[in-house]
Amino acid sequence: MKQTNSLISLLKQIQIHSKSLTGDTFAYDNLMNDLKHIHLRLKTNMYAESDYEKRDIFDVPRRTEEFLRYFSGYDEQGEFWASILKPLITTKTKTILDVCPGWAPKIELGLWKLRFKGTTHLVDYNPSSLSSIESYLKMIGSDLKLVNHNDNFFYLKSLPQMDLIVGNHIVDDLLLHEYCEKSQVMITSLYESENAMLKATEEILKLGMIDQKVFADSVSQVIISLMKQNSYIVLSQYKGLFERTHRLTEWSNFVGEIFRHIESNLLKAELNNQIDQAVSDLSDKQKEKLIEKNLIVMQMI
Ligand SMILES: C[S@@+](CC[C@H](N)C(=O)[O-])C[C@H]1O[C@@H](n2cnc3c(N)ncnc32)[C@H](O)[C@@H]1O
307 MKQTNSLISL LKQIQIHSKS LTGDTFAYDN LMNDLKHIHL RLKTNMYAES DYEKRDIFDV
367 PRRTEEFLRY FSGYDEQGEF WASILKPLIT TKTKTILDVC PGWAPKIELG LWKLRFKGTT
427 HLVDYNPSSL SSIESYLKMI GSDLKLVNHN DNFFYLKSLP QMDLIVGNHI VDDLLLHEYC
487 EKSQVMITSL YESENAMLKA TEEILKLGMI DQKVFADSVS QVIISLMKQN SYIVLSQYKG
547 LFERTHRLTE WSNFVGEIFR HIESNLLKAE LNNQIDQAVS DLSDKQKEKL IEKNLIVMQM
607 I
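Residue numbering for the sequence shown follows the numbering used here, beginning at 307 and increasing consecutively.
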C-alpha cells in the first residue's frame, strides 16, 4: 500500500513537471522515451533486470547491486560453460574456437574456470571484441592464451582445424551480420539501438532476404571444415534478453528453425550426438536452466 501511494504521488509529480516541458520537444521526447522503456519492462516482468543508466547514477547502493547482478549473470554463464565443456576437454585438447564471442567473455570465463592450458581462438569480425574480452580476463587474473581472427566466419582465412568449436547464441549474430551486409547497414548501429535492432529483425522476417535452409547449410559447412577427427562442436541457442523483453516470438522461432537445420546437417554428416556426456556435470539448477536452452553437442568420428 505504501509503495502504491508513493508510486501514485510520483506519477502526479511527473504530471505537474511535464507542464514545464511545453515547447521543449527534446526534453519531452526524452521523457516519453524513458517512460516507454519503464512501461515495456514492467509489462514484460523485466524491470528487475533493466539497465541502471536510465536511473539516478548517484544511487551508489543500487548501482552496486545492479553491477553485482550483472557480473553474477556473466559468472553464471561462465559456470554453465565450464560444466558443459569439462567432460569434453582432455589433455589432448589443444585448440578451442569460440565463434562470435562479441565483447564479453562467456565461454572464455568457463575455460578460465577450467584452467584450460591450450589456445583459445576467437573469430569475430569486430576488432574491438578481442580487446574487450582481453581486458576483462586481465582484470580477473586469467592467463588464457587467446588468438584473435578478425575475419568473417563465412570467409575464414588460414584457420587450423580445431579440437573443440563452441558458439554461444551465434545464429542471431550471424543472421544480423548477413542482414547488414545485404542492406548496407553498419552492424554497430544495431547493437547501439533497440529500434534499429527491432527494424532489422522485422525486415529479415518480412522481406524474406535470408533463406533458412541455405543459411544453415553455409554455417554447417564452415563448422565441419574446421573440425578435426574426434573433435567436438557445442552450440547453444536460447531466447536472449532482447527477444524476451520485446516478445519476439516469430523471430525466436525463425532462429530456432535455423538451429534445428544446423543440427540435422551435422547429424547427416555423421557426427555423433554427445549431449548426455556434456550435461553429466550440470548442477540441478543448471539442468533446470537447460530447459530454456537448445544445445548441440556432437563429435566428429
Ligand atoms: C552480440 S555480439 C556477441 C554475442 C555472443 N555470441 C553472445 O552470446 O554473447 C555479436 C558478435 O558477432 C560478431 N559477428 C557477427 N557475424 C559475424 C561473422 N559473419 N563473422 C565474424 N563475426 C561475426 C559481431 O562482430 C559481434 O561482435
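Yeah, the Cβ is synthetic: ideal placement off N, Cα and C, and Gly gets one too.
Spell out the partners DSSP gives residue i in its beta bridges.
i	result
residue 591	Residue 591 pairs with nothing; no bridge assigned.
residue 451	425
residue 539	471 and 604
residue 401	425
residue 544	599
residue 577	606
residue 533	468
Can we count residue i as close to ligand 2, meaning its CB is less than 6 Å from some heavy atom?
i	result
residue 390	Ligands in the displayed structure: ligand 1; ligand 2 is not one of them.
Given the structure, does residue i come close to ligand 1, in the sense that its CB is under 6 Å from one of the ligand's heavy atoms?
i	result
residue 476	yes
residue 324	no
residue 456	no
residue 406	yes
residue 459	yes
residue 485	no
residue 435	yes
Quick one: measure Cβ to Cβ for residue i and residue j, integer angstroms, because I've assumed they're closer than 8 Å.
i	j	result
residue 459	residue 482	Contact doesn't hold; Cβ gap of about 13 Å is too wide.
residue 448	residue 418	4 Å
residue 538	residue 605	5 Å
residue 541	residue 602	4 Å
residue 427	residue 455	6 Å
residue 415	residue 384	3 Å
residue 405	residue 471	7 Å
residue 548	residue 503	6 Å
residue 563	residue 607	Incorrect: roughly 27 Å between the Cβ atoms, too far for contact.
residue 393	residue 587	6 Å
residue 337	residue 324	7 Å
Just tell me which of the options has its CA closest to the CA of residue i.
i	options	result
residue 596	421, 585, 603 and 605	585
residue 469	530, 521 and 455	530
residue 374	355, 390, 580 and 575	355
residue 349	593, 587 and 551	551
residue 526	473, 398 and 496	473
residue 569	366, 589 and 519	519
residue 400	313, 452 and 316	452
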